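So the sequence lines, in the order shown, correspond to chains B and U. Taking the working numbering, I'd label the letters of the first sequence as residues 160 to 308. Taking the working numbering, I'd label the letters of the second sequence as residues 160 to 308. Beta carbons are placed, not taken as given, at the ideal position from N, Cα and C, and that holds for glycine. Every value quoted in this text rests on a predicted model; they were computed, and no experiment measured them. Scroll down for the structure; my scribbles are underneath it.
There are 2 protein chains.
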Amino acid sequence: MDKLVYIEGVILTPEKIISNRRGDIYHAIKIYSKGYQGFGEVYFSFITKNSIKAWKKHIRMTLNLVVPVGKIKFVLFDDRIGSTTYGSTEELSLGPDNYCRLTIPHGIWYGFQGLDSDINLLCNVANMVHDDAECQSMELSNHIIPYSW
Amino acid sequence: MDKLVYIEGVILTPEKIISNRRGDIYHAIKIYSKGYQGFGEVYFSFITKNSIKAWKKHIRMTLNLVVPVGKIKFVLFDDRIGSTTYGSTEELSLGPDNYCRLTIPHGIWYGFQGLDSDINLLCNVANMVHDDAECQSMELSNHIIPYSW
Numbered sequence: 160m161d162k163l164v165y166i167e168g169v170i171l172t173p174e175k176i177i178s179n180r181r182g183d184i185y186h187a188i189k190i191y192s193k194g195y196q197g198f199g200e201v202y203f204s205f206i207t208k209n210s211i212k213a214w215k216k217h218i219r220m221t222l223n224l225v226v227p228v229g230k231i232k233f234v235l236f237d238d239r240i241g242s243t244t245y246g247s248t249e250e251l252s253l254g255p256d257n258y259c260r261l262t263i264p265h266g267i268w269y270g271f272q273g274l275d276s277d278i279n280l281l282c283n284v285a286n287m288v289h290d291d292a293e294c295q296s297m298e299l300s301n302h303i304i305p306y307s308w
Numbered sequence: 160m161d162k163l164v165y166i167e168g169v170i171l172t173p174e175k176i177i178s179n180r181r182g183d184i185y186h187a188i189k190i191y192s193k194g195y196q197g198f199g200e201v202y203f204s205f206i207t208k209n210s211i212k213a214w215k216k217h218i219r220m221t222l223n224l225v226v227p228v229g230k231i232k233f234v235l236f237d238d239r240i241g242s243t244t245y246g247s248t249e250e251l252s253l254g255p256d257n258y259c260r261l262t263i264p265h266g267i268w269y270g271f272q273g274l275d276s277d278i279n280l281l282c283n284v285a286n287m288v289h290d291d292a293e294c295q296s297m298e299l300s301n302h303i304i305p306y307s308w
């Protein structure tokens with residue numbers, strides 16, 4: 160059931176939506192899910208239409224991302240020496256219409272953009288508590304990541 | 160900082176909202192948060208306006224609930240023999256305007272109702288994976304819980 164995306168170590172896992180006339184249930188992640196790397200923190204990130212939050216990379220954090228509301232485009236870039244997908248970029252969009260969990264291992268550059276005009280909501284189930292010391296960032300426009308937003 | 164609600168063992172914890180012009184960050188729960196009881200599963204429950212999901216009780220699951228979108232009313236009922244708040248009901252509403260995490264220990268009857276006309280979204284960070292065997296339910300109208308929705 161797991162759809163492997165192109166970049167090495169990144170995992171895209173369809174998650175279940177259980178229809179209910181009073182309001183649906185959306186699964187996000189279980190302790191035995193593929194890509195689960197332990198618990199540290201859950202937080203939400205809203206992203207308004209066309210806004211971009213990029214680029215970020217974690218030294219230790221594995222992200223498990225779901226988008227229960229709206230539509231968000233994710234772009235990934237692999238600059239890990241020795242990776243089979245070194246130098247690759249990849250993009251994909253998540254939301255209720257493509258309801259999957261995106262596992263981003265540490266070491267991958269990523270960014271995301273809101274696509275819906277109303278609410279775009281991302282939930283990250285991270286394997287560690289946020290720590291500035293393990294977060295890297297890069298300007299949106301740079302000479303390293305070959306992607307134009 | 161923790162606001163204790165009336166029913167014994169229930170905890171209401173204000174969580175941080177970090178403003179950002181591209182979209183805010185909402186904290187939900189960290190591994191060292193009060194009320195965190197271990198990780199089992201994260202899932203979302205949508206609830207349409209005026210719809211009610213009630214009554215439910217867990218034998219083993221502790222719920223940690225946040226409402227990042229909309230407004231949801233929660234009603235709790237304590238029928239635990241020996242509890243200092245035995246027989247008590249309590250209600251409270253959560254959403255971005257009252258952004259708190261509600262910890263409901265096992266053994267408490269609870270239900271919730273969507274209040275906003277648009278999206279009402281609840282996120283549960285549960286200490287165990289869903290298990291029908293430890294879930295109890297009761298009809299909305301019953302002779303046990305003295306609450307009228």
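(request) Find the nearest neighbour of B:N152 within the set B:I304, B:V169 and B:T207, judged by alpha-carbon distance. (result) Nothing in the structure corresponds to residue 152 of chain B, since chain B is present only between 160 and 308.
(request) Spell out whether any CB of chain B is found under 7 Å from the CB atom of U:S210. (result) In the second sequence, residue 210 of chain U corresponds to position 51, counting from 1. Chain B contact via Cβ: present.
(message) I need the straight-line Cα distance from B:P173 to U:F205, nearest angstrom please.
(response) Counting from one through the first sequence, the residue named residue 173 of chain B turns up at place 14. Counting from one through the second sequence, the residue named residue 205 of chain U turns up at place 46. Distance between the alpha carbons of B:P173 and U:F205: 19 Å.
(message) Within the continuous beta strand (DSSP E) that includes U:I267, where are the two ends?
(response) As a working mapping, residue 267 of chain U is identified with position 108 in the second sequence. From DSSP, the beta strand (DSSP E) with U:I267 extends over I267 to G273.
(message) Out of U:D256, U:G266 and U:T207, which one is the CA nearest neighbour of U:G241?
(response) Residue 241 of chain U sits at position 82 when you count from the first residue of the second sequence. The option with the nearest alpha carbon to U:G241 is U:G266.
(request) Determine whether the Cβ of B:A292 lies closer than 7 Å to any Cβ atom of chain U. (result) Stepping through the first sequence from its first residue, residue 292 of chain B is reached at position 133. No, because no Cβ of chain U sits closer than 7 Å to the Cβ of B:A292.
(request) Along the beta strand (DSSP E) that carries B:A213, what are the first and last residues, could you check? (result) As a position in the first sequence, residue 213 of chain B is number 54, starting the count at 1. Run containing B:A213: I211 to H217, per the beta strand (DSSP E) assignment.
(request) For the stretch 194 to 204 of chain B and the stretch 272 to 290 of chain B, state whether three or more C-beta atom pairs, one from each stretch, are separated by less than 8 Å. (result) yes
(message) Taking the beta carbon of U:L180 as the centre, do at least 16 other beta carbons fall within 10 Å, making it buried, or is it exposed?
(response) Along the second sequence, read from residue 1 onward, the residue named residue 180 of chain U stands at position 21. Note on identity: in this sequence residue 180 of chain U is Arg, with Leu being the wrong assignment. U:R180 should be labelled exposed.
(message) Which residue wins for smallest C-alpha separation from U:I304, given the options U:L280, U:I263 and U:S247?
(response) Residue 304 of chain U sits at position 145 when you count from the first residue of the second sequence. Residue U:S247 is the option with its Cα nearest to U:I304.
(request) Thinking U:F203 and U:L280 are a contact (beta carbons under 8 Å), I'd like their distance in whole angstroms, please. (result) Here the question's residue 203 of chain U lines up with position 44 in the second sequence. Here the question's residue 280 of chain U lines up with position 121 in the second sequence. Yes, they are in contact, since the Cβ atoms of U:F203 and U:L280 sit about 6 Å apart, within 8 Å.
(message) Residues of chain B with CB closer than 7 Å to the CB of U:S204, please, in chain order.
(response) Within the second sequence, residue 204 of chain U is the residue found at index 45, counting from 1. The contacting residues are G182 and I184.
(request) For B:A213, return the contacting residues in chain U, with the cut-off set at a CB-CB distance below 8 Å. (result) Taking the first sequence and counting its residues from 1, the one referred to as residue 213 of chain B is at position 54. Neighbours of B:A213 on chain U: none; closest Cβ ~10 Å, over 8 Å.
(request) Would you identify the three-state DSSP class for U:D256, choosing helix, strand or coil? (result) Along the second sequence, one-based indexing puts residue 256 of chain U at 97. The answer is coil: DSSP assigns U:D256 none of H, G, I, E or B.
(message) Going by DSSP in three states, B:D238 sits in which element: helix, strand or coil?
(response) Along the first sequence, read from residue 1 onward, the residue named residue 238 of chain B stands at position 79. Correct three-state label for B:D238: coil.
(message) Taking the straight line between their C-alpha atoms, what separation do you get for B:N283 and U:R239?
(response) Here residue 283 of chain B is taken as the residue at index 124 of the first sequence, counted from 1. Here residue 239 of chain U is taken as the residue at index 80 of the second sequence, counted from 1. Looking at the two C-alpha atoms, the distance is approximately 35 Å.
(message) Just to confirm my understanding: we take B:S210, look at its own chain, exclude 5 residues before and 5 after, and list those with CB closer than 8 Å. What are they?
(response) One-based indexing of the first sequence puts residue 210 of chain B at position 51. The answer, listed in chain order, is Q272 and G273.
(request) Verify the CB distance criterion: does B:P255 have a CB-CB separation below 7 Å to chain U? (result) The count along the first sequence starts at 1 and reaches residue 255 of chain B at position 96. No - not a single Cβ of chain U is within 7 Å of the one on B:P255.
(request) Using a Cβ cut-off of 7 Å, pull out every chain U residue sitting near B:V228, in sequence order please. (result) Residue numbering aside, residue 228 of chain B sits at position 69 when the first sequence is read from its first letter. Ordered by position in chain U, the residues that pass the 7 Å Cβ test against B:V228 are V228, I278 and L280.
(request) Compare the C-beta of U:G199 with all C-beta atoms of chain B and state if any pair is closer than 7 Å. (result) Taking the second sequence and counting its residues from 1, one reaches residue 199 of chain U at position 40. By this cut-off, U:G199 is an interface position.
(request) For B:T314, return the contacting residues in chain U, with the cut-off set at a CB-CB distance below 7 Å. (result) Here chain B has residues from 160 to 308 only, and residue 314 of chain B is not among them.
(message) Strictly below 7 Å CB to CB, what residues from chain U border B:V288?
(response) What you label residue 288 of chain B is simply residue 129 of the first sequence in a count that begins at 1. Result: K189 and I190.
(request) Establish whether the CB of B:V234 and some CB of chain U are separated by less than 7 Å. (result) As a working note, residue 234 of chain B is residue 75 in the first sequence. Judged by the 7 Å Cβ criterion, B:V234 is not in contact with chain U.
(message) Between U:G182 and B:T207, how many whole angstroms is the CB-CB distance? I'm expecting something under 8 Å.
(response) For the purposes of this step, residue 182 of chain U is identified with residue 23 of the second sequence, where counting begins at 1. For the purposes of this step, residue 207 of chain B is identified with residue 48 of the first sequence, where counting begins at 1. So it is a contact: roughly 5 Å between Cβ atoms.
(message) Can you tell me whether B:V201 sits near the ligand MN, meaning its C-beta is under 6 Å from at least one heavy atom of the ligand?
(response) Because no ligand of any kind appears in the structure shown, any question about the ligand MN cannot be addressed here.
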